[in-house]
Amino acid sequence: MEFYSTRSEKHTAGAARAVLTGLAPDGGLYTPLDFGSMRVDMDRVLTLDAPELFAEIVYKILPDFGEEEIKRLVPEAYAGKFQTRDITPLVKVGDRFVLELFRGPTSAFKDVALSVLPRLVSLARKQLGISEETAILTATSGDTGKAALEGFRDVPGTRIIVFYPEGGVSDIQKAQMATQKGGNVRVCAVKGNFDDAQTGVKLIYADDEAEHWAKREGLRLSSANSINIGRLAPQAAYYFKAYRDMVRMGEIKNGETVNFAVPTGNFGNILAGEFARRMGLPVGKLICASNANNVLTEFIQTGVYDRRRPFFRTVSPSMDILVSSNLERYLLLAGGSFELVDELMRELRDKGIYRAPEHITEEMQKHFDAGWADDLTVKQTIGEVWREHKYLLDPHTAVAWKVTGDIKAQTGDNTKTVVLSTASPYKFGFDVLDAISAQRPATGFEAMDVLSDLTGVPIPANLAELKELQPRFSDCVDKTQMLAYVKEVLKG
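So that you can map any letter, position 166 of the sequence shown is 669 in the numbering used here, and since no number is skipped, the others follow by simple counting.
Next comes the structure, spelled out in structure tokens:
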């Protein structure tokens, strides 16, 4: 399988090199184009248990690693880490289905991919004969950071630095990162928003590509963000898993279409759904759900991507993003040329805005719907779902729930819909509690306790233990100092 940079057909890589490097040399994202070779036998999918299914899909996308290796590696990555062998349970709530992606070691959907990615990186190093350490640089809007830190903790031959926006994550998310164990991990806040942190990481890659300073330190740079194709492969798998569950529950017949509602900011989670559709999953619509930073909703509805707008810090911080990196992969897949994608990314960088050609917009609107919800509406939704169904949503999932209802009312589409639930409500205890109760605890840890007492929903063990852990990291730098910080850390 060959992966192409989104910005130039000259830059290609096999699976191992694409996973190990993360970004292409020209700043593009490695993307598969031959989905015909990745078609999935849906009858076979229905017979597989969850670990086998995940291995099947990862192998379809990353076949160069070898079938035996993948079918050993993926189940091992999940064994004992998730609450059940089912990995991502599907729960019926009212007239919808909630895919619980937060049953892993850090209570966020990123665990599904970041349990596998470190093993793929280690396998890639072995296959390519790489002796240098791999330094993972990652920007996070909240959940990727902890999941990446936990996934790469003490993995031989790797080091990891995570950047997060100062004041831009929940107190529980911050505590998860600040208390992270491991001898090869580092965490640093950035004075700015997630886009600043993400841009800073990309600039570090670009500087190393030009100056080769990491090599002089005996290192290779890589990423654990969804810009890495190794992240998207396991994420595509849980779309198939949800579909398998619905057939087994007797809710649909094999071949019947299903909609998926996805809270997304960086366009990675929903792009994995587009991969699944192109691989043969019967998807009706992918519903892109945004918060007040609704740049993706506007793009899907109009074809204009415009980041020149106010940036809002919301109760769904993992979606507080205005520059959605994975979107350039979709531009290429939807009919754009390498030259076009490169031109549009330059326009976004230099002018802050671009317009997609009409044929791309038309193709996108065939397969995507979009909507958004503000903070007040999100909290109202959390309260309504709890009162009506006794099911507790986190703020990101609530965005997707609300948008799903709005689109159904607007279009009359009664296709059965899976709402992707991306995080435990306890990671955002203050706001979830505020949505269902008038109580105002002093800390996020107290909010977790009150929320559990009020609802009877257990606190995940990994979050409950945070209050007993001492912070290890308190670094904070200006966005202009990220490169200097990385160089200093990697020398140590």
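Positions of the beta carbon are idealized from the N, C-alpha and C atoms, including for glycine.
Identify which residue in Lys788, Glu759, Thr702, Arg547 has its Cα closest to the Cα of alanine 873. When each option's Cα is compared against that of alanine 873, the closest is Lys788.
What's the gap between the Cα of histidine 899 and the Cα of methionine 822? Each residue's alpha carbon lies about 8 Å from the other.
Exposed unless 16 or more other CB atoms sit within 10 angstroms - verdict on leucine 536: In the assembly as shown, leucine 536 is an exposed residue. Its beta-carbon has fewer than 16 other beta-carbons within 10 Å.
State yes or no: is the C-beta of aspartate 698 within less than 8 Å of the C-beta of isoleucine 824? Taking the C-beta atoms as reference points, isoleucine 824 is found nearer than 8 Å to aspartate 698.
For glutamate 603, which three-state DSSP category applies? Glutamate 603 falls in the strand class under three-state DSSP.
Collapsed DSSP secondary structure at histidine 514 in the structure displayed: In this structure, histidine 514 counts as strand in the three-state DSSP scheme.
So, helix, strand or coil for lysine 520, using DSSP? Per the sequence shown, the amino acid found at residue 520 is arginine instead of lysine. Arginine 520: helix per DSSP, three-state reduction.
Just to confirm, are isoleucine 707 and valine 989 a CB contact at a threshold of 8 Å? Result yes, Cβ atoms of isoleucine 707 and valine 989 sit closer than 8 Å.
Quick one: grab the DSSP three-state call for isoleucine 790. Isoleucine 790 carries a strand assignment under DSSP once its states are collapsed to helix, strand and coil.
With DSSP as the reference, identify every bridge partner of isoleucine 856, one or two as the case may be. Beta-bridge pairing links isoleucine 856 to Asp809.
Between the CA atoms of cysteine 979 and tyrosine 667 - distance to the nearest angstrom: One C-alpha to the other measures close to 9 Å.
Would you identify the three-state DSSP class for phenylalanine 655, choosing helix, strand or coil? DSSP, read as helix, strand or coil, puts phenylalanine 655 in helix.
Classify glycine 776 as helix, strand or coil using the three-state DSSP reduction. Glycine 776 falls in the helix class under three-state DSSP.
Closer than 8 Å by C-beta to valine 844: which residues in its own chain qualify, once you throw out the five before and the five after it? Chain order, please. Excluding residues within five positions, the ones whose Cβ falls inside 8 Å are Thr509, Arg510, Gly531, Glu831, Leu834, Leu835.
C-alpha gap between glycine 703 and threonine 643, whole angstroms: Each residue's alpha carbon lies about 12 Å from the other.
Anyone know if the C-beta pair for tryptophan 904 and valine 921 falls short of 8 Å? Not a contact, by the Cβ cut-off of 8 Å.
Beta-ladder partner(s) of serine 725, from DSSP: Looking at the DSSP assignment, serine 725 forms a beta bridge with Ile639.
Could you tell me which residues DSSP puts in a beta bridge with isoleucine 664? In DSSP, isoleucine 664 forms a bridge with Leu640, Arg689.
Please confirm whether valine 786 and valine 761 have their CB atoms less than 8 Å apart. In this structure, valine 761 lies closer than 8 Å to valine 786 by Cβ.
Identify which residue in Thr661, Ala678, Leu549 has its Cα closest to the Cα of glutamate 669. For glutamate 669, the nearest C-alpha among the options comes from Ala678.
Look at the alpha carbon of alanine 795 and the alpha carbon of threonine 767, and state the distance between them as a whole number of angstroms. When rounded, the distance between both Cα atoms is 12 Å.
Return yes when the Cβ of threonine 925 is within less than 8 Å of the Cβ of phenylalanine 605, no when it is not. Phenylalanine 605 is a Cβ neighbour of threonine 925, given a cutoff of 8 Å.
Looking at alanine 651 and threonine 661, is the spacing between their C-beta atoms short of 8 Å? Contact: no.
Through-space distance from glutamate 971 to phenylalanine 948, alpha-carbon basis: Near 10 Å, if we compare the C-alpha coordinates of glutamate 971 and phenylalanine 948.
Are the Cβ atoms of glycine 771 and asparagine 829 separated by less than 8 Å? Contact flag set, yes.
Let me confirm a value: asparagine 731 is counted as buried when at least 16 other C-beta atoms fall within 10 Å, else exposed. Which label applies? Buried, because 16 or more other Cβ atoms sit within 10 Å of the Cβ of asparagine 731.
Identify the continuous alpha helix (DSSP H) that holds asparagine 965 and give its terminal residues. Where asparagine 965 is concerned, the enclosing alpha helix (DSSP H) stretches over 964-967.
DSSP three-state label for threonine 767, please. Threonine 767 falls in the coil class under three-state DSSP.
Whether or not the segment 884-892 and the segment 850-865 are in contact is what I'm after, with contact meaning three or more pairs of Cβ atoms, one per stretch, closer than 8 Å; do they touch? Touching, no, given that fewer than three Cβ pairs across the two stretches are closer than 8 Å.
Residues in the same chain with beta-carbon distance under 7 Å from leucine 631, minus the five sequence neighbours each way, listed in chain order, please. Taken in chain order, the residues that qualify are Ala519, Arg520, Leu523.
Looking at C-alpha atoms only, which residue of Ala736, Lys595, Gly686, Val615 is the closest neighbour of lysine 919? Of Ala736, Lys595, Gly686, Val615, the residue nearest in Cα terms is Lys595.
8 Å contact criterion, which proline 608 and glutamate 653 should meet: CB distance rounded: So it is a contact: roughly 6 Å between Cβ atoms.
Any chance the segment 731-750 sits against the segment 554-573, with 3 or more Cβ pairs inside 8 Å? A contact is defined here as three or more CB-CB pairs under 8 Å, and the segment 731-750 meets this definition with respect to the segment 554-573.
The segment 803-816 touching the segment 845-857, judged by at least three CB pairs closer than 8 Å: The answer is yes - the segment 845-857 touches the segment 803-816, with three or more Cβ pairs under 8 Å.
I'd like to know whether the C-beta atoms of aspartate 657 and glycine 685 end up nearer to each other than 8 Å. Yes, Cβ-Cβ distance for aspartate 657 and glycine 685 is below 8 Å.
Alpha helix (DSSP H) containing phenylalanine 585: first to last residue? Premise fails: phenylalanine 585 is in no alpha helix (DSSP H) and is neither H nor E.
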